[in-house]
Every structure is written in C-alpha cells, then in structure tokens.
Amino acid sequence: MAIIDSRGRLHGKVGNVVYRTVGNMNIVQSKPARVRQALSTKESALEFGLVSNCGRILRSLYSSFAYHSDGRLLNRMNVALLKSLKDTEKPRGERDLHDGNPQHLKGLQFNINSPLTEALAVRPVCSMVDGGIMVQIPAFNVSEDLQLPKYTKNAILRLMVAAISFREGYYEYLDYKDIPLQYGKVIPEQEWLSDVALPAGSIVLVSASLHCFGMKGIDGEPLSLNGKEYSPAEIIGAYRIDHEVKVEDEDKDKVENEVKSGTADQTVLEKAFPNRHRLTNYRGEEILKEIARKRKRDKKYQERLAREKIWTSEEETVVDGMKLPAIGKVFYKKE
Numbered sequence: 249m250a251i252i253d254s255r256g257r258l259h260g261k262v263g264n265v266v267y268r269t270v271g272n273m274n275i276v277q278s279k280p281a282r283v284r285q286a287l288s289t290k291e292s293a294l295e296f297g298l299v300s301n302c303g304r305i306l307r308s309l310y311s312s313f314a315y316h317s318d319g320r321l322l323n324r325m326n327v328a329l330l331k332s333l334k335d336t337e338k339p340r341g342e343r344d345l346h347d348g349n350p351q352h353l354k355g356l357q358f359n360i361n362s363p364l365t366e367a368l369a370v371r372p373v374c375s376m377v378d379g380g381i382m383v384q385i386p387a388f389n390v391s392e393d394l395q396l397p398k399y400t401k402n403a404i405l406r407l408m409v410a411a412i413s414f415r416e417g418y419y420e421y422l423d424y425k426d427i428p429l430q431y432g433k434v435i436p437e438q439e440w441l442s443d444v445a446l447p448a449g450s451i452v453l454v455s456a457s458l459h460c461f462g463m464k465g466i467d468g469e470p471l472s473l474n475g476k477e478y479s480p481a482e483i484i485g486a487y488r489i490d491h492e493v494k495v496e497d498e499d500k501d502k503v504e505n506e507v508k509s510g511t512a513d514q515t516v517l518e519k520a521f522p523n524r525h526r527l528t529n530y531r532g533e534e535i536l537k538e539i540a541r542k543r544k545r546d547k548k549y550q551e552r553l554a555r556e557k558i559w560t561s562e563e564e565t566v567v568d569g570m571k572l573p574a575i576g577k578v579f580y581k582k583e
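Just remember that our numbering sits 248 ahead of the position in the sequence shown, which is counted from 1.
Quick look at the structure:
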C-alpha cells in the first residue's frame, strides 16, 4: 500500500511498483525480484553469526574495557575472530573458535582513540613458559614514557589472564597483577609469572590496560578518568590450551573430567570452580546444526556428496600400481 504525504508525494508500493523519494526527486521503480541465495552464501552468513555471537560474549568478558571503547570495537573484534575461525584445516560448518588459531586476537585494541601502543612507550611481551603465562615489561619513566589524561593523581597498569570455553559454556578470570604508576618515578623492569592452572579445552587471553584516577569522590574512592577518549587496553597474548597444565588438585581434575563427559553435577562444579561464570546466549552449536540442516535440504550439495562418494569408492577398487586418469584431461600416445 502506498501513502500520499502532505506534499502530494507517494511512498510505498502498489503491486509490483515501488514509490520512494530521494531528496527532491520522486522515483518509481519495479519491485526487485527475490534473490535465491546459494548454500555457500547461507553458510557464510551463519558462520559470521557465530563469530558475532562470540564477539558479544568477549565484549561482556571485557566489559570494563568495552564500556569505554571507541564505537568501532565490534567490527575490529569480528574481523580478528573471523581470521581465527578460518585458520584451521576443518571445513566450514564443522569448526568453531576452539578449532581456529586465537593468535589473530593478539594486538586487538579496545579503544583506537588511545591505543596502548601510543599511551605506553614500552611494549609488554607475553609468552608461555613451562605451562604458565609470563609477561615482561622493560623499565620506563612514568613522566616521559607514559601518556596520562589531565588531572591524573595516580594510575595502574593492569595485567590480566582470563580463560573462556565456548564449548563447555564458562569464562573465568584466572589471575591479575596491578603495577602502581606515579609521576616522576621510574618503574623497574617487570617480570610477572602467573602460575595458575590453565583449563584444558579453553582459550586463554592475556590483556594489558591502563586505569587512571583523579580526586576522591564523596565516598572517599578515587574517581576514574577513563572514558571514550582515553582508555588504553590491548590483548597482548592469546593461546589455545589443548591439555591442562599445572594441575595440583586431584579433586578439581576429577570434576574437570566429569565436565567433559557430561556427568558433572552443577553444584559440585560451582564448588570446585567458584570463580567460573556460566556463559549465556552462546549459539555456536545451534548455528553449526543449522548449517547441517541446510546442507541436508540442498539438492545440489547432496548430489555433489553422492558423486564424491562414488569417486572415492572407485579409487578404492583400483588395482595397486594403477592410477585413475584425471577428469577432463586427454592423454595422447606418442608415435
């Protein structure tokens, strides 16, 4: 149904004709035909939905950073997560972030208006040593090598280790270290070794962030000066933990095995891992199942699958020492 506005212009559609206004120009055009998407297009869209879903969860995990982001963090994080997802030998529809390479998240800036690379003149170096996370920071002068906002009274450089498992549905803040910063002081070389157990099957992320504080508020607590224009934070390390390291508690190890087998009681799980938080609204498994359903309903995909199965069976029946000719090639015998 089309509508005539107060100026006598038509808006909307009548049958297959669409009326619209662009600036001072009235445009009449035929209704575009419905475009039938290919299976690969649908799969790509669903896989991007998986990445977006994981990105939303990661921004919740780092809510203290994401709250002061520049507004384009969503796009940067989705790009990094998509690269991580595709960096695997598994095909589309059979992979999630745990199959990919999380190293693509390394260097992700939470606020492009004040990247940590510019706010801090020295670079924190993150590595995994003997199954533990190590962060090394060269010595620096707070007054010369650090950019702080106006009215800063004191600041801290926070190093944090967090783990997340989309498959098992939890995230956990494992460890952190705060380095106090004051004007005029020289911070000696720092070497922090976090020896906490890294959960098997999880993705471990290491972040570095600057937090600045001004005068004290009415409650006696210093007021945060971080905001949209200044909130340096970066992921300086990302690791996929295939096997658990530094397990000292046999009870926790037992519960961890029960979690993987699906026999763990939720109450027992919360007591064994009190710092773990359950993920909400993770749709990764649902998206992978939807891709499988679309493949099952797609005739072209099923026909191609059948041809590949026939070709595989023919290869298995070839006599040893013989090779099947390549399809589409003609071989000529020399005279």
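By construction, the Cβ of each residue, glycine as well, lies at the ideal position given by its N, Cα and C atoms.
Bear in mind the structure is a predicted one, so any value in this text is a computation, not a measurement.
Reduced DSSP secondary structure (H/G/I, E/B, other) of residue i
| i | result |
| --- | --- |
| threonine 289 | helix |
| valine 390 | helix |
| alanine 314 | helix |
| proline 350 | helix |
| isoleucine 305 | helix |
| alanine 328 | helix |
| arginine 524 | strand |
| histidine 259 | strand |
| serine 300 | helix |
| arginine 340 | coil |
| leucine 356 | coil |
| alanine 456 | strand |
| glutamine 550 | helix |
| lysine 211 | Nothing about residue 211 can be read from this structure; the chain reaches only from 249 to 583. |
| valine 516 | Only weak support is given to the placement of valine 516: the predicted model assigns it a pLDDT of 47, under 50, and the question is left unresolved by the model. |
| leucine 446 | strand |
Residue i versus the options, residue with shortest Cα-Cα distance
| i | options | result |
| --- | --- | --- |
| leucine 407 | His491, Ala314, Ile484 and Glu556 | Ile484 |
| glutamate 469 | Cys460, Arg371, Thr365 and Leu321 | Cys460 |
| glycine 319 | Arg543, Tyr478, Gln395 and Glu533 | Tyr478 |
| leucine 329 | Ile251, Lys476 and Ile451 | Ile451 |
| alanine 486 | Thr528, Leu429, Val409 and Tyr431 | Val409 |
| valine 327 | Gln285, Leu356, Thr400 and Ala250 | Leu356 |
| glycine 432 | Tyr418, Leu394 and Glu416 | Leu394 |
| threonine 289 | Ala554, Ile558 and Lys542 | Lys542 |
| leucine 333 | Val265, Asn301, Gly462 and Leu441 | Asn301 |
| glutamine 430 | Ile385, Asn389, Leu298 and Asp423 | Asn389 |
| lysine 354 | Leu368, Glu366, Cys374 and Ala411 | Cys374 |
| alanine 448 | Arg488, Leu306 and Glu437 | Arg488 |
| glycine 297 | Leu309, Leu441 and Asn323 | Asn323 |
| leucine 453 | Ile412, Arg255, Val383 and Met273 | Ile412 |
| glycine 341 | Ile381, Glu295 and Leu364 | Glu295 |
| glutamine 351 | Val370, Leu364 and Met376 | Met376 |
Cβ neighbour criterion (16 or more within 10 Å) applied to residue i
| i | result |
| --- | --- |
| asparagine 359 | buried |
| alanine 293 | exposed |
| aspartate 426 | exposed |
| valine 262 | exposed |
| histidine 316 | buried |
| serine 362 | buried |
| valine 524 | Before going on, a small fix: residue 524 reads as arginine here, not valine. Under this definition arginine 524 is a buried residue. |
| proline 339 | exposed |
| glycine 303 | buried |
| glutamate 291 | buried |
| valine 283 | exposed |
| glutamate 496 | With a pLDDT of 48 at glutamate 496, under the threshold of 50, the modelled position of this residue cannot be trusted; read the value that follows with caution. Exposed, since its Cβ has fewer than 16 Cβ neighbours within 10 Å. |
| isoleucine 251 | exposed |
| histidine 491 | exposed |
| valine 270 | exposed |
| isoleucine 535 | buried |
| valine 276 | exposed |
| proline 419 | Checking the displayed sequence, the identity of residue 419 turns out to be tyrosine instead of proline. Tyrosine 419 should be labelled buried. |
| alanine 554 | exposed |
| serine 391 | exposed |
| isoleucine 558 | exposed |
| leucine 368 | buried |
| glutamate 416 | buried |
| proline 532 | Reading off the sequence shown, one finds glycine at residue 532, where the question assumed proline. Buried, since its Cβ has 16 or more Cβ neighbours within 10 Å. |
| valine 383 | buried |
| tyrosine 399 | exposed |
| leucine 441 | exposed |
Paired residues, beta bridge with residue i - DSSP
| i | result |
| --- | --- |
| methionine 273 | Val270 |
| aspartate 335 | In DSSP, aspartate 335 forms no bridge with anything. |
| serine 362 | Looking at the DSSP assignment, serine 362 forms no beta bridge with any residue, so it has no partner. |
| valine 434 | Asn389 |
| isoleucine 451 | Ile412 and Arg488 |
| leucine 368 | Leu394 |
Residue i: first and last residue of the uninterrupted alpha helix (DSSP H) it sits in
| i | result |
| --- | --- |
| leucine 441 | Run containing leucine 441: none in the alpha helix (DSSP H); it sits in the beta strand (DSSP E), 438-442. |
| glutamate 534 | 532-545 |
| alanine 250 | Premise fails: alanine 250 lies in the beta strand (DSSP E), 250-252, not in any alpha helix (DSSP H). |
Unbroken beta strand (DSSP E) run spanning residue i, endpoints
| i | result |
| --- | --- |
| leucine 422 | 418-429 |
| glutamate 482 | 481-489 |
| alanine 403 | 402-413 |
| leucine 471 | 470-472 |
| isoleucine 244 | Residue 244 lies beyond the residue range present for the chain, which begins at 249 and ends at 583; the question has no answer from this structure. |
| valine 377 | 373-377 |
Proximity test, residue i beta-carbon vs the ligand ATP heavy atom, cut-off 8 Å
| i | result |
| --- | --- |
| valine 377 | Annotation note on the ligand ATP: not contained in the displayed structure, which lists no ligands. |
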